[in-house]
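S.K.: In the numbering used here, the protein residues as written are 1393 to 1604.
Ideal Cβ placement from N, Cα and C applies to all residues, glycine included.
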Amino acid sequence: MAEAMGLRERKKLQTGLRIWRTAVELFLERGFDQVSVMEIAEASDVSKMTVFNYFGSKEDLVFLPMEEHFGDVARAVRDRQPGESAVAAVRRYFLEMIESRDPSIGLSPDPFVRQVRQLVMDTPALLERAFLASRQGEQELIKALMDEGEERVPAGLAAALLIAVRNTLIEEHHRRASEGESADEIAAAAVDLAHRAFDQVENGLGGYAVRP
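This is how it looks when you write it as structure tokens:
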């Protein structure tokens, strides 16, 4: 019975992955707005209802596999060790993602991942979805800090800084990838860059960009 359940789950996962990959390939080829869900279903050899059983909306066909990562910073803070600061927790988590070459921070060797990102950047509806998901992740982080007794304004400022430093580092990874660097080449410099970025958050901006 356990083996049968395992097989069904694997088939379900494979079907979802096939639908997602087919949808994104069609979006990349013709544009997000020019592809219907019915066309995706036919190309995936499933019914339209099956597509919606796996993905609740057309936007989900792009975002569902990646949307959980918008809450990474909040999870790092919620799961941190006793005595560990919020900045230290997010730094540690980000360094672990560099070590594992996590695609969600721009370190995938697969060009398809970068194509998906470019699709989002080029499609207003998807870009809005990304903004809303990022905003939700920021609110989750604020709530996590406030649940521990932090005041709203300092929590909001801390959340904005922590998410901004993560996003800035990811943008740099994508920039370097677009210029032809491999994931390993980017990762080789990413650790030092991450340390310097998080050091800047930890030390504040008091001595930053003092005009000579």
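1. Which runs of the alpha helix (DSSP H) spanning at least 4 residues fall entirely within the region 1428-1502, listed in chain order?
2. Hey, how far is the Cα of Q1507 from the Cα of G1448?
3. Is the beta carbon of A1575 less than 7 Å from the beta carbon of R1509?
4. What are the start and end residues of the alpha helix (DSSP H) that includes Q1531?
5. Applying the 10 Å Cβ sphere with the 16-neighbour rule, what's the burial state of P1495?
6. Give every residue of the same chain whose Cβ lies closer than 6 Å to the Cβ of M1489, excluding the five residues on either side of it in the sequence, and list them in chain order.
7. Roughly how many angstroms separate the alpha carbons of H1461 and E1530, rounded to a whole number?
8. Reducing DSSP to helix, strand and coil, say where S1574 ends up.
9. Indicate the three-state DSSP secondary structure (helix, strand or coil) for E1417 in the structure shown.
10. So V1438 and I1411 are supposed to be a Cβ contact under 8 Å. How far apart are they, rounded?
11. Assuming V1512 and A1522 are in contact, meaning their beta carbons sit under 8 Å apart, how far apart are those beta carbons, in whole angstroms?
12. Cβ of R1472 within 7 Å of Cβ of A1481?
13. From R1568 to R1484, what does the alpha carbon distance come to, in whole angstroms?
14. Go ahead and pull the three-state DSSP assignment for E1594.
15. Do you know how far the Cα of N1559 is from the Cα of F1455?
16. For the putative contact between E1532 and G1475, defined by C-beta atoms under 8 Å, what is the C-beta separation to the nearest angstrom?
17. Would you report the Cα separation of R1478 and A1586, rounded to the nearest angstrom?
18. Which whole-angstrom value describes the C-beta separation of A1349 and L1537, a residue pair presumed to lie in contact below a C-beta threshold of 8 Å?
M.R.: This is what the structure holds:
1. 1429-1436, 1440-1446, 1452-1455, 1464-1470, 1478-1491
2. Each residue's Cα considered, the two are about 22 Å apart.
3. no
4. 1516-1538
5. Buried is the call here.
6. I1497
7. 12 Å
8. coil
9. helix
10. 6 Å
11. Contact flag correct, Cβ pair sits at about 6 Å.
12. yes
13. Their backbone Cα atoms lie some 22 Å apart in a straight line.
14. Reduced to three states, the DSSP call for E1594 is helix.
15. 17 Å
16. About 23 Å; that fails the 8 Å criterion.
17. Reading off the sequence shown, one finds Ala at residue 1478, where the question assumed Arg. So the alpha carbons of these two residues sit roughly 15 Å apart.
18. Because the chain spans 1393 through 1604 in this model, residue 1349 falls outside it and cannot be assessed.
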